[in-house]
Amino acid sequence: MGEGPLRTHGAGTLRPADAGAEVRLAGWVKARRDHGGVLFLDLRDASGVVQVVVDPATAPDAAESARAVRDEYCVTVAGTVRLRPEGIVNPDLPSGEVEVAAGEVLVLSPADPLPFQIDDRVEVDEVHRLQYRYLDLRRPRLAANLRARSRGVSAMRRVLDRLGFLEVETPTLIRSTPEGARDMLVPSRLRPGAFYALPQSPQLFKQLLMVAGVERYYQVARCYRDEDFRSDRQLEFAQLDVEGSFWGQDDVLATVEQVMVEVITELRGAPPQVPFPRLTFDEAMARYGTDKPDVRFGMEIVDLGEVFAATEFRAFRPALDSGGVVAGIDAGRRGFSRRELDALAERAVALGGRGLVTAVVEEDGSLRSSMAKHLGEGEVEALCRAFGAVAGDTLLLAAGEAKATRALLGRLRLELGQPAGHDELAFLWVVDFPVFEMTAEGGLAPAHHPFTSPQDVHEMEAHPEQAKARAYDLVLNGTELGSGSVRIHDPAVQRRVFSVLGISDEEAERRFGWFLRALRFGTPPHAGFAVGIDRLLAVLLGEPNIREVIPFPKTQTGVDPM
Numbered sequence: 010m011g012e013g014p015l016r017t018h019g020a021g022t023l024r025p026a027d028a029g030a031e032v033r034l035a036g037w038v039k040a041r042r043d044h045g046g047v048l049f050l051d052l053r054d055a056s057g058v059v060q061v062v063v064d065p066a067t068a069p070d071a072a073e074s075a076r077a078v079r080d081e082y083c084v085t086v087a088g089t090v091r092l093r094p095e096g097i098v099n100p101d102l103p104s105g106e107v108e109v110a111a112g113e114v115l116v117l118s119p120a121d122p123l124p125f126q127i128d129d130r131v132e133v134d135e136v137h138r139l140q141y142r143y144l145d146l147r148r149p150r151l152a153a154n155l156r157a158r159s160r161g162v163s164a165m166r167r168v169l170d171r172l173g174f175l176e177v178e179t180p181t182l183i184r185s186t187p188e189g190a191r192d193m194l195v196p197s198r199l200r201p202g203a204f205y206a207l208p209q210s211p212q213l214f215k216q217l218l219m220v221a222g223v224e225r226y227y228q229v230a231r232c233y234r235d236e237d238f239r240s241d242r243q244l245e246f247a248q249l250d251v252e253g254s255f256w257g258q259d260d261v262l263a264t265v266e267q268v269m270v271e272v273i274t275e276l277r278g279a280p281p282q283v284p285f286p287r288l289t290f291d292e293a294m295a296r297y298g299t300d301k302p303d304v305r306f307g308m309e310i311v312d313l314g315e316v317f318a319a320t321e322f323r324a325f326r327p328a329l330d331s332g333g334v335v336a337g338i339d340a341g342r343r344g345f346s347r348r349e350l351d352a353l354a355e356r357a358v359a360l361g362g363r364g365l366v367t368a369v370v371e372e373d374g375s376l377r378s379s380m381a382k383h384l385g386e387g388e389v390e391a392l393c394r395a396f397g398a399v400a401g402d403t404l405l406l407a408a409g410e411a412k413a414t415r416a417l418l419g420r421l422r423l424e425l426g427q428p429a430g431h432d433e434l435a436f437l438w439v440v441d442f443p444v445f446e447m448t449a450e451g452g453l454a455p456a457h458h459p460f461t462s463p464q465d466v467h468e469m470e471a472h473p474e475q476a477k478a479r480a481y482d483l484v485l486n487g488t489e490l491g492s493g494s495v496r497i498h499d500p501a502v503q504r505r506v507f508s509v510l511g512i513s514d515e516e517a518e519r520r521f522g523w524f525l526r527a528l529r530f531g532t533p534p535h536a537g538f539a540v541g542i543d544r545l546l547a548v549l550l551g552e553p554n555i556r557e558v559i560p561f562p563k564t565q566t567g568v569d570p571m
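Final position of the sequence shown in our numbering is 571; the numbers increase by one with none missing.
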């Protein structure tokens with residue numbers, strides 16, 4: 010081979026209009042077949058796959074090289090594009106109407122025997138896949154995910170550039186600040202015993218950029234959190250970080266919605282309907298038992314306190330007397346067997362509940378249930394009316410402390426709702442979060458972070474456990490994509506928040522003096538948001554966990570098997 014190009018065309022770009030063209034391709038051998046001495050190579054590169062035909066009668070040297078080729082050899086092929094004979098067109102390939110008659114086949118790099126097939130149809134355990142991630146990324150699904158990730162991030166940048174935002178990079182070696190998880194620490198060589206923290210988010214730096222007069226900032230940021238692994242968590246992750254001066258909540262929400270429209274139009278072809286619906290935190294918890302509800306299906310939680318206000322049914326009375334709730338969900342006309350209903354009750358206990366009362370609505374309006382004999386006719390009618398239940402519906406009821414009972418029903422709702430399967434995208438804003446949440450020790454901690462503006466400072470100081478924040482989360486199909494808030498821009502208010510958290514002026518000065526000092530130099534009102542890029546892509550691409558949209562993720566135990 011001379012000094013010419015290794016490739017003139019992409020394998021997947023060839024079409025009937027290219028017939029007769031002399032081309033040079035380069036890529037990987039997806040498969041090799043021998044049909045009576047004539048060799049067929051499926052050649053794959055980033056653009057797709059094309060069939061290469063090597064006929065020993067016309068290209069003996071190329072045929073000799075092709076015979077030595079095995080799956081995933083890296084090769085270059087020179088030849089002529091021609092139309093495939095009638096009857097052997099491959100409709101599954103964009104290039105399926107043509108093939109390349111090879112005059113030359115050169116091996117650029119051989120491949121060892123493969124640890125697994127480069128084929129999405131072949132099941133491979135995850136550790137094995139991650140051990141050979143460079144091969145796993147050749148598989149069509151992951152290769153497509155990687156391209157979708159690039160297009161999605163480009164769409165984010167495109168819309169924010171168009172809206173006049175400035176992309177600014179912030180440091181990744183910083184001082185530890187409270188963000189809700191444990192910091193990843195890096196020892197300092199120049200100052201033995203001292204450590205940098207890797208950022209859990211660029212929170213304080215983006216606020217400093219507002220002080221600096223940047224006004225509209227964004228960044229595709231790398232973030233690090235030493236937290237327990239789940240399907241939607243990694244030690245390091247990517248987020249789209251956005252901040253704006255002279256902004257309120259509505260400005261942030263409208264901007265994030267524009268970003269979502271751009272990304273989803275790019276990846277799915279059709280934009281979502283905006284504005285996205287909004288629920289308050291309290292509404293979400295009452296109706297769905299979670300602050301990240303999946304609203305693609307109904308089955309909302311119904312409060313039954315009024316229905317059972319006078320009941321003596323022993324499964325409900327103690328909860329009501331102690332200030333708890335009786336609530337339930339209507340699972341619809343499922344036709345559950347007795348065994349399935351018993352399994353649901355066992356599942357409720359496994360989820361931490363005290364139990365589950367089940368009831369099936371009969372044709373005559375009566376209930377098939379263990380509690381039926383404890384209810385009067387009026388209570389049965391009121392119960393069915395509260396749910397809007399019809400004959401055949403299965404009602405699932407629980408009683409206990411309000412938060413725990415609704416959380417239990419919310420979990421059951423998700424498990425029962427999933428099999429229905431919905432392909433639509435159900436966005437939702439959850440707003441009016443609490444400023445604080447209770448810790449396991451009975452103290453207060455920020456529900457988001459301590460730089461979130463309370464809606465009413467006096468209410469926050471008088472009744473901190475009831476105070477609401479100017480904070481909001483974006484939820485998609487039951488996944489929290491990200492969160493944001495209006496920030497505190499008054500240093501006096503910031504100190505008052507610290508005070509409620511039990512942080513003295515001296516400690517605040519020691520830990521945050523540099524930031525509080527900045528707030529004293531004409532800080533504008535500002536607000537912002539962060540979108541988890543990995544989570545967003547996993548939902549949009551239908552992946553079960555974020556590892557499928559990250560090039561080189563860690564396992565559930567934080568290990569890279571490579």
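Cβ coordinates follow ideal geometry from the N, Cα and C atoms, glycine included. Predicted model only: the values in this text are computed from it and were never measured.
For G298, same chain residues with a beta-carbon under 6 Å away, outside a window of 5 residues either side, are I310, R415, A416, L418 and G419 in chain order. Under the DSSP assignment, S492 falls in the beta strand (DSSP E) whose first and last residues are T488 to V495.
For G161, the secondary structure class from DSSP, reduced to helix, strand or coil, is helix. By a beta-carbon distance limit of 8 Å, F174 contacts Y227. Their separation comes to about 5 Å. Taking 8 Å as the upper bound for CB-CB distance, T532 and H498 are in contact here, some 4 Å apart. Ranked by Cα distance from E108, the options Y205, G19 and V389 are led by G19. In the DSSP annotation of this structure, G257 is not part of any beta strand (DSSP E), being labelled neither H nor E. Taking one beta carbon from each stretch, the region 402–411 and the region 333–344 have 3 or more pairs nearer than 8 Å; the two touch. With respect to V177, L249 sits apart: the two C-beta atoms are not nearer than 9 Å.
Here DSSP, grouped into helix, strand and coil, assigns T89 to strand. Per DSSP, the beta bridge partners of K477 are P443. With distances taken between CA atoms, L528 lies nearest to A221 out of A221, R156, T17 and V540.
Within the DSSP secondary-structure output, C232 pairs in a beta bridge with F246. Runs of the beta strand (DSSP E) lying entirely within the region 33–95, each at least 3 residues long, are 47–54, 57–63 and 83–92 in chain order. In this structure, DSSP gives F317 a state outside helix and strand, which the three-state scheme calls coil. Boundaries of the alpha helix (DSSP H) around I542: I542 to L549. For Y205, the enclosing beta strand (DSSP E) starts and ends at F204 to L207.
By the Cβ-count criterion, M308 is buried, with 16 or more other Cβ atoms from all chains shown falling within 10 Å of its own Cβ. In this structure, the alpha-carbon of R184 lies about 6 Å from that of A206. The way I'd put it, the region 274–288 does touch the region 151–165; three or more beta-carbon pairs between them come closer than 8 Å. By the neighbour-count criterion, in which a residue is buried when 16 or more other Cβ atoms sit within 10 angstroms of its Cβ, H137 is exposed. Around the beta carbon of A87, 16 or more other beta carbons lie within 10 angstroms, which makes this residue buried. In terms of CA proximity to R556, E135 leads the group E135, K477 and G452. Shown here, F507 sits in a helix according to DSSP, grouped into three states. The straight-line gap separating the alpha-carbon atoms of R225 and K215 is approximately 10 Å. In the three-state DSSP reduction, Y297 falls in the helix class (H, G or I).
Inclusion of F436 and M219 in the CB contact set at 9 Å is not warranted, their separation being larger than that value.
In this structure Y82 is buried. Its beta-carbon is surrounded by 16 or more other beta-carbon atoms within 10 angstroms. In the structure shown, F538 adopts extended strand secondary structure according to DSSP, grouped into three states.
Around the beta-carbon of M571, fewer than 16 other beta-carbon atoms lie within 10 Å, marking it exposed. Residue environment for R394: exposed (fewer than 16 other C-beta atoms within 10 angstroms of its C-beta).
In the DSSP annotation of this structure, V107 is not part of any alpha helix (DSSP H); the continuous beta strand (DSSP E) holding it starts and ends at V107 to S118.
Around R53, the same chain offers G36, W37 and K39 as residues with beta carbons nearer than 6 Å, after the five sequence neighbours per side are excluded. Cβ contact annotation for P124 (same chain, cutoff 8 Å, sequence separation greater than five): H137, Q140, Y141 and L144, in chain order. Remark: C-beta atoms of T264 and G253 approach each other more closely than 9 Å. In the DSSP secondary-structure assignment, E31 is bridged to T89.
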